[in-house]
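S.K.: Per the working numbering, the sequence shown starts with residue 1283, numbered consecutively.
Idealized CB from N, CA, C, for every residue including glycine.
Here you go, one structure.
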Amino acid sequence: QMCIRDSYEMHCSSPFHFYSDTAHELKGALKLSYPIQRGLIHNWDKFERIISHIFYELLKVDPSANPAIITDVPLCPLSQREKLATFFFETLRVPALFIINTAYACMLGTGATTGILVECGEDVTTAVSTLEGAHFNAQQNYVAGRTVSEYLGRLIREQGLWLHTSAEKELLRKVKEDNCFVAVDYKKEYEEVKEVEEKLPDGQRLVMGRSRFMAPEVLFRPDVFELEDKGLHKLIIRSVEKYKEEEKELLWKNIILSGGSMHFKNIVDRIQKELDCICTTKPIVERQKHIMTSAWRGGKVLADTVMDKFMLTSEEYEEKGPSAIKSKFAI
1283 QMCIRDSYEM
1293 HCSSPFHFYS
1303 DTAHELKGAL
1313 KLSYPIQRGL
1323 IHNWDKFERI
1333 ISHIFYELLK
1343 VDPSANPAII
1353 TDVPLCPLSQ
1363 REKLATFFFE
1373 TLRVPALFII
1383 NTAYACMLGT
1393 GATTGILVEC
1403 GEDVTTAVST
1413 LEGAHFNAQQ
1423 NYVAGRTVSE
1433 YLGRLIREQG
1443 LWLHTSAEKE
1453 LLRKVKEDNC
1463 FVAVDYKKEY
1473 EEVKEVEEKL
1483 PDGQRLVMGR
1493 SRFMAPEVLF
1503 RPDVFELEDK
1513 GLHKLIIRSV
1523 EKYKEEEKEL
1533 LWKNIILSGG
1543 SMHFKNIVDR
1553 IQKELDCICT
1563 TKPIVERQKH
1573 IMTSAWRGGK
1583 VLADTVMDKF
1593 MLTSEEYEEK
1603 GPSAIKSKFA
1613 I
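In structure tokens:
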């Protein structure tokens, strides 16, 4: 059972490649590479190298002896799913494969089948509504964790600090995760600003005041970063527009937040506040307890219950080829 998200590797002119935590430790010496961007695989050679590393070096298992579950982003293009199937069946020789989008996997991890799953990761924010595990409606934009980091970088540059190398961008992300928060009352926070000081590895001192909440504000008001996307709360509302009023009432009662960029302090209260101003039914917003592993947990639920019945087997793939993906996996 496996959930591949924004994996990355580091590379140089040597034949050696470094992955995950090891790569992070060496970020100052080498260049970061992100094969997955905005939920889509842009460099298949590196992606396949990462998957092989996971199977053979980390898990130390033979993929040809193990069925696999893969998660992908909602609204993932069929062409990517077909290419994933080709790699897993023809290169790794897995006996069976199941593909499910992260939103539904996260929902399964909570034990629910009705509600709205709001996932905000590094590159993509998605709101997916579902009734009894069917009738999916997905809305997404590309205002997510990376956007917050970029806006924070712009605000920091106003102090004369430039963070632009891959290693410095990783540092910027850590500064964001350690210091930024969402303003429930933006005007009040702006007037009562509190400063914190962050010491950088090179000895420079970064003073952060309003930038701590101004950067995450882009999730709710993308226009502050000159973007035309809808804010996070509006994305949620759009995900339920097609439903009847009685169905909306059921969906509003279970709004689940997932993804690394949902870690910001106060984000639950801010989403609750924004929705309370619009919804006729009182929404119930909760952040998942195991927010970073929720998709994996949903995959485990699937593996323990109905996976065998719905998996695409290697025999089916041999008969129909990659086109079997479309009819087998609707979500």
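May I have the straight-line CA-CA distance separating residue 1365 from residue 1423, to the nearest angstrom?
M.R.: Mapped onto the sequence shown, residue 1365 falls at position 83. Mapped onto the sequence shown, residue 1423 falls at position 141. Going by the C-alpha atoms only, they are around 24 Å apart.
S.K.: What span of residues does the beta strand (DSSP E) with residue 1522 cover, start to end?
M.R.: What you label residue 1522 is simply residue 240 of the sequence shown in a count that begins at 1. Unbroken run through residue 1522: none, as it is neither H nor E.
S.K.: Does the Cβ of residue 1660 have 16 or more other Cβ atoms within 10 Å, making it buried, or fewer, making it exposed?
M.R.: The structure shown has nothing for residue 1660, since the chain only spans 1283 to 1613.
S.K.: Could you check what DSSP says for residue 1402 in three-state terms: helix, strand or coil?
M.R.: Numbered from 1 along the sequence shown, position 120 holds the residue referred to as residue 1402. Residue state, collapsed to three classes: strand.
S.K.: State the start and end residues of the unbroken beta strand (DSSP E) segment that holds residue 1479.
M.R.: As a working note, residue 1479 is residue 197 in the sequence shown. Looking at the DSSP string, the run of the beta strand (DSSP E) that includes residue 1479 is 1478-1481.
S.K.: So is residue 1487 buried or exposed if we call it buried at 16+ other beta carbons inside 10 Å?
M.R.: Position 205 of the sequence shown, counted from the start, is the residue given in the question as residue 1487. Exposed.
S.K.: Could you give the DSSP three-state label for residue 1425: helix, strand or coil?
M.R.: Within the sequence shown, residue 1425 is the residue found at index 143, counting from 1. If DSSP states are grouped into helix, strand and coil, residue 1425 belongs with coil.
S.K.: On the DSSP letters alone, give me the boundaries of the beta strand (DSSP E) that residue 1233 sits inside.
M.R.: What the structure shows of the chain is the stretch from 1283 to 1613, and residue 1233 is not part of that stretch, so it cannot be assessed.
S.K.: Residue ranges of each alpha helix (DSSP H) run of no fewer than 4 residues wholly in the region 1313-1345, ordered along the chain?
M.R.: The qualifying runs are 1326-1335.
S.K.: Enumerate in chain order the residues of its own chain whose CB-to-CB distance from residue 1503 is below 8 Å, with the five nearest sequence positions on each side excluded.
M.R.: Here residue 1503 refers to the residue found at position 221 of the sequence shown. So the qualifying residues of the chain are 1513.
S.K.: State yes or no: is the C-beta of residue 1317 within less than 7 Å of the C-beta of residue 1349?
M.R.: In the sequence shown, the residue the question calls residue 1317 occupies position 35. In the sequence shown, the residue the question calls residue 1349 occupies position 67. For residue 1317 and residue 1349, no; Cβs fall outside 7 Å.
S.K.: Specify, as a first and last residue, the run of the alpha helix (DSSP H) that residue 1557 falls within.
M.R.: Walking along the sequence shown from the start, residue 1557 turns up at place 275. Element bounds for residue 1557: 1549-1558.
S.K.: Apart from the five residues just before and just after residue 1415, which ones in its own chain have a Cβ nearer than 7 Å to its Cβ?
M.R.: Translated into positions along the sequence shown, residue 1415 becomes position 133. Counting only Cβ-Cβ distances below 7 Å, and skipping sequence neighbours, we find 1395.
S.K.: What's the gap between the Cα of residue 1478 and the Cα of residue 1494?
M.R.: What you label residue 1478 is simply residue 196 of the sequence shown in a count that begins at 1. What you label residue 1494 is simply residue 212 of the sequence shown in a count that begins at 1. Taking the straight line joining both Cα atoms gives about 9 Å.
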